[in-house]
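Step one of this worksheet: look at the structure below.
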Amino acid sequence: MSIETWKKEFYSVEAGILNSAADVVLLEMSIETWKKEFYSVEAGILNSAADVVLLEMSIETWKKEFYSVEAGILNSAADVVLLEHSIKKWEGLQTENLERHELRATPRRYDRIEDVEGAGFYINSASCSLCVRYLFPKGANDRRCGNCPLSKVRGDAACDEDADVDGDDPAPFNVWGLAANPEPMLHWLRKALKVAMLKEGK
Numbered sequence: 006m007s008i009e010t011w012k013k014e015f016y017s018v019e020a021g022i023l024n025s026a027a028d029v030v031l032l033e034m035s036i037e038t039w040k041k042e043f044y045s046v047e048a049g050i051l052n053s054a055a056d057v058v059l060l061e062m063s064i065e066t067w068k069k070e071f072y073s074v075e076a077g078i079l080n081s082a083a084d085v086v087l088l089e090h091s092i093k094k095w096e097g098l099q100t101e102n103l104e105r106h107e108l109r110a111t112p113r114r115y116d117r118i119e120d121v122e123g124a125g126f127y128i129n130s131a132s133c134s135l136c137v138r139y140l141f142p143k144g145a146n147d148r149r150c151g152n153c154p155l156s157k158v159r160g161d162a163a164c165d166e167d168a169d170v171d172g173d174d175p176a177p178f179n180v181w182g183l184a185a186n187p188e189p190m191l192h193w194l195r196k197a198l199k200v201a202m203l204k205e206g207k
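Set out below in structure tokens:
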């Protein structure tokens, strides 16, 4: 690449040759060469494009796709709704989805995801619709997470407790915390969803 290749693309006709041309020809030549390099797609063409095309990828674009409703808003929702909300969030923690939104799980203890600007989202009980509903006992004889559908499908073991339902079953929340691996959590959430859907006749 050289000054000659640049001239071939952006200055193929010497200015002096156009000395007697109408002013509009001179202006059009300058405008069109600029648009060719810096404005090759009209803004209107992107009008119907997905917002993710128009926005720089970030924690906000991730939330729009995987966590568009805050967990607390669903406090009175049915278990199926809570489980679907949780599954969506944990699918967002799969490596390919984090990378697509240019996020990473914070190192050492993976309790947070963040974008390149440092904006983050915590993976904890406050962002879990199931925890918001079931983590804390309602009655004196209730146990922590006792009524949570995820806990029930794991043999009454909370997501941060090891269980022995399918053989060796480490706590799925702890697997995420130690290795940023969301798959065990997704496995049990999907099982719990199937049970909840059967109960609700879906």
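Following the numbering used here, the numbering of the sequence shown begins with 6 at its first residue and continues without gaps.
Glycine included, each C-beta is placed from N, C-alpha and C at the ideal position.
Considering only ALA201, LEU155, TYR72, the residue with the shortest C-alpha distance to LEU135 is LEU155. With contact defined as three or more Cβ pairs closer than 8 Å, the segment 81–100 and the segment 193–206 are in contact. Boundaries for LEU108: no alpha helix (DSSP H) harbours it, while the beta strand (DSSP E) harbouring it runs 108–110, taken from the DSSP string. Closest in C-alpha terms to ALA124, from the list TYR139, HIS106, PHE141, comes HIS106. Rounded to whole angstroms, the gap between the alpha carbons of ASN102 and PHE126 is 14 Å. For TYR16, no beta strand (DSSP E) run applies, since DSSP gives it neither H nor E. Taking the Cβ atoms as the reference, GLU205 lies roughly 41 Å from VAL121, outside the contact range of under 8 Å.
For TYR127, the enclosing beta strand (DSSP E) has its first and last residue at 125–127. For ASP84, the three-state secondary structure derived from DSSP is helix. Beyond the five residues adjoining it in sequence on each side, ARG117 comes within less than 8 Å, by CB distance, of ALA110, THR111, GLY125, PHE126, TYR127, ILE128 in the same chain, given in chain order.
Comparing alpha carbon positions, the residue from LEU198, PRO177, GLY182 closest to GLU188 is PRO177. Cβ-Cβ separation between ARG114 and GLY160: approximately 26 Å, too far for a contact (criterion under 8 Å). The DSSP assignment places complete alpha helix (DSSP H) segments of no fewer than 4 residues inside the segment 139–167 at 154–158, in order along the chain. MET190 and ILE8 have their C-alpha atoms spaced approximately 58 Å apart. For GLU188, there is no enclosing beta strand (DSSP E); the enclosing alpha helix (DSSP H) has its first and last residue at 188–204. By alpha-carbon distance to THR66, the top candidate from LEU87, GLU104, ILE78 is GLU104.
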